[in-house]
Amino acid sequence: MLRGLLVTFVLASIIWVPPSFAVDPNEILEDSVLEGRARQISKGLRCIVCQNQSIDDSDAQLARDLRVLVRERLVAGDSDQGVVDYIQSRYGDYVLLNPPVKGTTAVLWLGPVGFALIGIFGITVYFRRQKKLQLAGPAAGTEKDRSS
Numbered sequence: 012m013l014r015g016l017l018v019t020f021v022l023a024s025i026i027w028v029p030p031s032f033a034v035d036p037n038e039i040l041e042d043s044v045l046e047g048r049a050r051q052i053s054k055g056l057r058c059i060v061c062q063n064q065s066i067d068d069s070d071a072q073l074a075r076d077l078r079v080l081v082r083e084r085l086v087a088g089d090s091d092q093g094v095v096d097y098i099q100s101r102y103g104d105y106v107l108l109n110p111p112v113k114g115t116t117a118v119l120w121l122g123p124v125g126f127a128l129i130g131i132f133g134i135t136v137y138f139r140r141q142k143k144l145q146l147a148g149p150a151a152g153t154e155k156d157r158s159s
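Now the structure itself:
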């Protein structure tokens, strides 16, 4: 009985939830080569609203505007790198899903490694102290008890 209700609930929720398609059909270019280039560029650009999602996957209005801008620049004759450079000049390195390694983005690239090293160092220090306390603990405790 409970299993049947669960199956019914899951199927009903799948049927009632409308699909979400990020790229609106009226955004798609008629030229399939240009559309392919636009999709490839869009997959490398970050949605500023969604933060960890490409503009190709995002439903946000800003992502839609950026997808349209990418297509407009391609139709105008810009190269793929020209389109990326244009958008990067307006929004900064943050708009790139894979930002370049340079001084201003060093924290993005080195931060996770730094945190991992700090964590490993902290764990090592903790376990070494615990080992010293276990080795010195009983002997030190008996001496304190004797002097009291």
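Position 77 of the sequence shown, counted from 1, bears residue number 88 in my numbering, the numbering being contiguous throughout. Don't be surprised by glycine CBs; every beta carbon is placed ideally from N, CA and C. Because the structure is a prediction, the values reported are computed rather than measured.
Near residue i, which residues of its chain fall below 7 Å by C-beta distance, leaving aside the five closest residues on each side in sequence?
i: residue 15; result: none
i: residue 52; result: 81, 91, 94 and 95
By the three-class DSSP mapping on this structure, what secondary structure does residue i have?
i: residue 40; result: coil
i: residue 28; result: The predicted model places residue 28 with a pLDDT of 45, which falls under 50 and marks its position as unreliable; any figure quoted below should be read in that light. Correct three-state label for residue 28: coil.
Leaving out five residues before and five after residue i in sequence, what residues of the same chain have Cβ atoms less than 8 Å from its Cβ?
i: residue 57; result: 63, 64, 65, 66, 105, 106, 107 and 108
i: residue 38; result: 75, 78, 79 and 82
i: residue 115; result: 104
Apart from the five residues just before and just after residue i, which ones in its own chain have a Cβ nearer than 6 Å to its Cβ?
i: residue 101; result: none
Going by CA-CA distance only, name the one from the options that's closest to residue i.
i: residue 54; options: 69, 97 and 43; result: 69
i: residue 44; options: 88, 119 and 126; result: 88
Unbroken alpha helix (DSSP H) runs of length 4 or more, entirely within the segment 43-127: which are they?
-> 43-54, 72-86 and 91-102
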